[in-house]
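A short write-up of the structure that comes next.
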Amino acid sequence: MKEKIVLIDGHSILNRAFYGIPALTNSKGIYTNGVYGFLNIMFKLIDEENPQYLAVAFDTSKPTFRHEMFKEYKGTRKPTPKELSSQVPLIKEVLSAMNIFIISKAGLEADDLIGTMAEYSRNKGLDVVIISGDRDLLQLVKDDVKLRIPKTTRNGTTVENYYPDDVIEKYQLKPAQIIDLKSLMGDSADNIPGIPGVGEKTATKILLEYETLEKAYENVDNLKPPKASKSLKENYDLAVLSKKLATINTKADIEFDIENAKLGSMFNENSKEKFVELEFKNLLSRFSFEDEKEKIERKFEHIVTLKALDEFLNEAKKAKEIGTGMAYEKKLYGFSIAFDERNAFIEVNDEIKEDELCEKIKELIIASKSASFMDLKGILKVINLEKFENKYLDLSIGAYLINPIGGSYSYEDLAGIYLNESLESPKELLLKNSIEKTFKEDKKRVLTLTCYQAMTALLAKNIIFEKLKEMEMSDLYFNMEGPLIFVLDAMEKEGMLVKREALKEYGDSLVGRINQLEKSIYEKAGEEFNINSPKQLGVILFEKLQMPNAKKTKTGYSTSADILEKLAGEYPIVNEILEYRTLAKLKSTYADGLANYIGKDERIHSNFNQTITATGRISSTEPNLQNIPIKLELGRLIRKVFVPKDGFIFLDADYSQIELRVLAHMSGDETLIDAYRNSKDIHKATAASVFNIPIEEVTPLQRRNAKAVNFGIIYGMSAFGLGQDLGISNKEAADYIEKYYNAYPKIKMFLDGLVASAREKGYSITMFNRRRPMPELKASNFMQRSFGERTAKNSPIQGSAADIIKIAMIEVYEELKKRNLKSKLILSVHDELLVETALEEVEEVKKILTEKMMGAAKLQVPLEIELETGTNWYEAK
DNA sequence: TGCGTCACG
DNA sequence: ACGTACGTGACGCAT
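So for the first sequence, this note's numbering puts the first residue at 411; every next one is plus one.
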């Protein structure tokens, strides 16, 4: 069996990877997509080729011989974005850590290095495989030298393979003739000028007849077509130079000892560290965890009897700390508990009944000195812990605080990031089946899943909470997010009473009008089509009906409301479409959508997610109760079906302009602070300052514009965005903004300071130290960077407001509980709290809401709320 | 599964 | 010159 060497064209593969994979950064904002893609390609090919030797060649940053000679052609290359160039040293570091041989030499291009190494290796009797995206290298192909060109697409990597026959098949030419081909046709990417007027077709034809460039010149008068003949004659010097440039040097002066390229221990502590640092979770599985993992898994215990359970729990209670996992899906299948060296799955069965098990686990948790969870709120669904304790460590939330834009915080992600362990995900373990099915068919898989949770919870806890401490977010966890888990759990359990029949009637009431509109739209369009399909609708409006000002999206015409509204005056059909859209939305998302979530208790139990948003807000899903219509009357009517139970009433408390107040506080702007302290109409006051007129003279239009500006400030406004919103020109909008900043110079300073600070630190920060990493600020792409600047301004404001309402929620919840009131907090909508209030407790709860919400934070301006009561949610808002 | 659209703060 | 307000989730369509 012949030995084999793989030679990789470093820059070329990094380039392909970079452009083939969407932008990707680690949590520190370091760009990693090129490196990631490079490694994927490399691993794939190593797996396929199984070489004994491997070398990666890089161009030097200094200009090389060939480039130097043809500076003037360099203009045809796009400058390398710094997102890519920053990854060159990175990939070198990673390769070094993997003990992979890297070669580069001043004055030589990677081509020349590869050519020389290839020649050297085949002379030594090795098979050679070259990996590059550059077709220049085709000239090196021989029976024992294969060129492989990887292509990264969204469906993975495919590779084109070239032996001499393949080259002939594709180019009709032998590999060595590729040099002549390039000499004739040139290659702008490689700065080879070629012969003017000669392209691939002509060049191929010439070479098929005369074999080489030299022979072509011997017969230059006979060349066809005459145009090519003429051009060759006129450009002899260029041809010679081109050939020189196109020829890869296979005898370059390098010291290459093949033993240096011998593949060694790619997967070692050093490289593991690099992979962890770059957060290449998937690639970590390349490290030979298999043995280690099996060892761990063999130690997973499976408890099925009460006797074994009691023995185990007795030991667990002596432990310093425990980690927990749970298999729950509509019902409980079991818990896993990890401590010291033990990790057991306790199965719910005929002997170990659910209630009894929960009771015992609860005792254990209460008795423990430290208990960590992947998802404490989930555990609370089966185990009723009294209240938050500092020893309850929720790792998902901890990891979310460390990096709120990390996406997912499940055990396999955290084990990958914090433990360098590659664990199979639930999807993989359950083979995409339900827990119920897997539990029946292959119980071991459920055991493994749950024990992995417990293991990760136990082992990652110190790392995550040490890190939180370092980042000064311990208080945020222990005083805010931790206690909030119990508040959200309670809200989810309480749910919200919905009048099922009334909701159905509401939905039915829409149907008649929807059908009527549908019919009329078809009539006016002259055909039936799917109004819900933006694609079909676009064609009807902008092609068939020839409406003006068509704006395109990626997939077709834009038919969004703001576009249609501009056409509504002239085309009656557009108004009908807009109304149809409104009604269709109400029907599908709200009337029908919500009905699916009404439980047997006639209540809707939404999920409140604590680890989703980049800014610290809570999100609501299945269903989303934070986007129930209110702006339009017809939609708002839905709120009448949300009602308090018998003997109760809704109390709804709304922070008044909390974000602008936060801005006033954080910026310290006296004018704004003063306006709030004196309870001024803030938009009027803004208008007065901006237009430099007395407050009494502010017109409604001026107020409206000032209000939009105030919103804009919070969003990191651009002139364009404001203009769009107000329907005024870019210039007018820019003028408003300038006037605003002149009136409130401190706010401008403050916002600019936020951007500067975020750029320097790499993250933004709220009043309560909540972070948001901001890798976009370092992007070279204008769009991305501008987005970064806007979020740098918005996140501290939106995030601080979110912090404040979270505090208010905790305080309100705890006060209601402390006083043993029947009234319950059931919903929070960003700046609003809804309490289902017992009739006899109304005054008391009003007081609590007022006091706790206003007192949630001490700002330089008062925090004011608007409090309403109602026998349904419509009335209470 | 991604996109367009639209509901909310 | 870039193409634009910040943060979410659900639905229907088209691939």
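For glycine and all other residues, C-beta sits at the position ideal for the given N, C-alpha and C.
- S514 is positioned such that its CB atom lies closer than 9 angstroms to that of F468.
- Looking at the DSSP output, L1244 bridges to D1062, L1237.
- For the pair of segments examined, the segment 853-863 was found not to touch the segment 909-916: the number of CB pairs separated by less than 8 angstroms stays below three.
- Contact between A1024 and P814 holds, with the beta-carbon distance rounding to 5 angstroms and staying under 8 angstroms.
- Distance from the CA of I540 to the CA of I706, rounded to the nearest whole angstrom, comes to 40 angstroms.
- Cβ contact annotation for A1202 (same chain, cutoff 7 angstroms, sequence separation greater than five): L1164, V1165, A1168, S1174, M1184, L1187, in chain order.
- C-alpha of N509 to C-alpha of M676: approximately 6 angstroms in a straight line.
- For K842, no alpha helix (DSSP H) run applies, since DSSP gives it neither H nor E.
- Following the DSSP letters along the chain, one finds T612 inside the alpha helix (DSSP H) bounded by residues 610-620.
- Here P982 is exposed: its Cβ has fewer than 16 other Cβ atoms, across all protein chains shown, within 10 Å.
- Excluding five sequence positions before and after F952, the CB atoms of its chain that fall closer than 6 angstroms to its own CB belong to A960, Y967, given in chain order.
- Between the beta-carbon of K682 and that of N830 there is about 6 angstroms, and that keeps the pair under the 8 angstroms contact cut.
- Three or more beta-carbon pairs separated by less than 8 angstroms are not found between the segment 763-778 and the segment 892-903, which leaves the two stretches without contact.
- G543 places its beta carbon less than 9 angstroms from that of D419.
- Comparing C-alpha distances from L500 to each of G444, R532, D553 shows the shortest one belongs to G444.
- With a threshold of 16 other beta carbon atoms within 10 Å, F875 meets it and is buried.
- The segment 656-667 makes contact with the segment 520-534; the number of CB pairs closer than 8 angstroms reaches 3 or more.
- As far as DSSP is concerned, F448 takes part in no beta bridge.
- Taking 4 residues as the minimum length, the alpha helix (DSSP H) runs contained wholly in the segment 588-670 are 610-620, 623-628, 636-644, 646-656, in order along the chain.
- A residue is called buried once 16 or more other Cβ atoms fall within 10 Å of its Cβ, and I1103, having fewer, is exposed.
- Taking a 10 Å sphere around the C-beta of L557, we find 16 or more other C-beta atoms and assign the residue as buried.
- When rounded, the separation of the alpha-carbon atoms in A748 and L693 is 27 angstroms.
- By the CB criterion at 9 angstroms, T1260 and I1059 fall outside the cutoff.
- In this chain, R1182 is not harboured by any alpha helix (DSSP H); it is covered by the beta strand (DSSP E) spanning 1181-1183.
- DSSP lists no beta-bridge partner residue for G1133.
- Per DSSP, the unbroken beta strand (DSSP E) holding T734 starts and ends at 732-739.
- Secondary-structure assignment with DSSP links L417 through a beta bridge to A465, I540.
- In the three-state scheme derived from DSSP, where H, G and I count as helix and E and B as strand, P560 is classed as strand.
- The DSSP assignment places 511-513 as complete runs of the beta strand (DSSP E) inside the segment 483-532, in order along the chain (cut-off: 3 residues).
- In the structure shown, the three-state DSSP call for N1037 is coil.
- Burial state of N425 is buried, judged by a 10 Å Cβ sphere holding 16 or more other Cβ atoms.
- Excluding five sequence positions before and after N629, the CB atoms of its chain that fall closer than 7 angstroms to its own CB belong to Y620, given in chain order.
- Taken through DSSP and simplified to helix, strand or coil, D804 comes out as strand.
- Straight across, the Cα-Cα distance linking T969 with L947 is about 7 angstroms.
- Exposure of A971 is indicated by the presence of fewer than 16 other C-beta atoms within 10 angstroms of its C-beta.
- For S884, the three-state secondary structure derived from DSSP is helix.
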